[in-house]
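Below is one structure, written out as structure tokens; the observations come after it.
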Amino acid sequence: MSDAPPDTTDAFDPERIEAARKVFAGPIAFLKSAPALQHLPDGSVPEVAFAGRSNVGKSSLINALTNRNALARTSNTPGRTQELNFFDVGEPLKFRLVDMPGYGFAEAPKDVVKKWRFLVNDFLRGRTVLKRALVLIDSRHGIKPVDREVMDMLDAAAVSYRLILTKADKIKATELTAVTQRTAEEVRKRPAAHPDIIPTSSEKGMGLPELRAAVIEALG
Ligand code: GDP
């Protein structure tokens with residue numbers, strides 16, 4: 002059993018869903034890319050980060066979430082995306098979304114993997130405004146060993162995180178129920194993980210209102 006306190010707020014309350022929809026329907030703009038920590042923007046507002054294996058559907062999800070076609074760039078080339086991308090949300094600025102570099106590319110050179118580790122670890126450990134990381138998991142594959150490594154990093158850095166299933170449209174409803182349960186069962190043992198999993202599909206719009214509400218909830 003997890004020692005994490007149960008979430009007492011109901012992110013899926015219709016009022017919260019509507020409030021979150023409004024926030025994401027407002028201004029959202031790319032701020033900057035940070036290939037190294039000295040390029041980080043000032044930490045003046047809370048942040049929620051998106052992490053996941055390359056090709057998990059992270060760019061598609063950020064674009065769907067923000068109702069933009071090309072805010073986050075898709076089809077990232079492995080080895081070229083070792084940067085954190087920041088997006089400003091709200092006018093006046095309310096919070097930031099952080100697109101973290103994808104991980105787990107089998108053919109990524111060792112030095113690229115090492116650089117990723119340093120960048121991400123330093124960011125996770127030093128970024129006090131980071132409220133939560135959303136770790137994306139492909140519904141078809143479930144949690145992979147490399148995802149566990151990232152969850153280890155988050156647990157060690159004491160950064161709260163939540164698992165989000167992507168591409169839910171690619172599997173049957175019964176399979177989705179099973180993978181959601183399996184995933185929830187696994188994270189229950191993890192100290193910094195949110196106990197509830199959100200299944201999403203950028204393609205079909207599934208889970209997006211809930212995910213928007215979960216982002217707002219994470220800001221505290
Ligand atoms: P990233 O590397 O994590 O940013 O992944 P992308 O967003 O570029 O998506 C990788 C591939 O998965 C692309 O071909 C997308 O069209 C596809 N994809 C992403 N999300 C979905 C989804 O919800 N459903 C389906 N069927 N395909 C998706």
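Each position in the sequence shown, counted from 1, maps to that position plus 1 in the numbering used here.
Glycine residues also receive a C-beta, built at the ideal position from the N, C-alpha and C atoms.
_On the criterion of 16 or more Cβ atoms from any shown chain inside 10 Å, does arginine 17 qualify as buried, or is it exposed?_
buried
Exercise. Report yes or no: do the segment 192-206 and the segment 40-54 share at least 3 C-beta pairs separated by less than 8 Å?
Key: no
Any idea what DSSP makes of alanine 219, helix, strand or coil?
Under the three-state reduction of DSSP, alanine 219 is assigned to helix.
| request: Taking only the alpha-carbon atoms, compute the straight-line gap between arginine 208 and lysine 168 and give it to the nearest angstrom. | output: Per the sequence shown, the amino acid found at residue 208 is glycine instead of arginine. So the two alpha carbons sit approximately 11 Å from each other.
I'd like the list of long-range same chain contacts for glycine 143, defined as Cβ closer than 8 Å, with 5 residues on each side in sequence excluded. Val180, Arg183 and Thr184
- Query: According to the Cβ coordinates, are valine 46 and phenylalanine 96 closer than 8 Å?
  - Reply: yes
_For arginine 74, which residues in the same chain have their Cβ closer than 7 Å to its Cβ, ignoring the five residues on either side in sequence?_
The residues are Ser60.
Alanine 219 and arginine 149 - do their beta-carbons sit closer together than 8 Å?
At the C-beta level, arginine 149 and alanine 219 stay beyond 8 Å of one another.
Quick check on isoleucine 144: does DSSP put it in helix, strand or coil?
coil
Compute every distance between the C-beta of threonine 67 and the non-hydrogen atoms of ligand 1, then say whether any falls below 7 Å. no
Output needed for glycine 58: all residues of its chain with C-beta closer than 8 Å, excluding positions within five of it in sequence on either side, in chain order. Sequence-distant Cβ neighbours of glycine 58 in its own chain, meaning closer than 8 Å and more than five residues away, are Leu137, Asp139, Thr167, Lys168 and Ser203.
Task: Touch test, the segment 26-35 against the segment 105-115, Cβ-Cβ under 8 Å, three pairs minimum - done: no
- Which residues in the same chain have their Cβ closer than 6 Å to the Cβ of glutamate 211, if we skip the five residues on either side of it in sequence? Phe13 and Ile199
Where do the ends of the alpha helix (DSSP H) carrying leucine 41 lie?
Looking at the DSSP string, leucine 41 is not in any alpha helix (DSSP H), and its letter there is neither H nor E.
With a Cβ-Cβ cutoff of 8 Å, do leucine 72 and phenylalanine 25 count as a contact? The answer is no: Cβ separation not under 8 Å.
- Item | Continuous beta strand (DSSP E) stretch holding serine 34: start and end | 29-35
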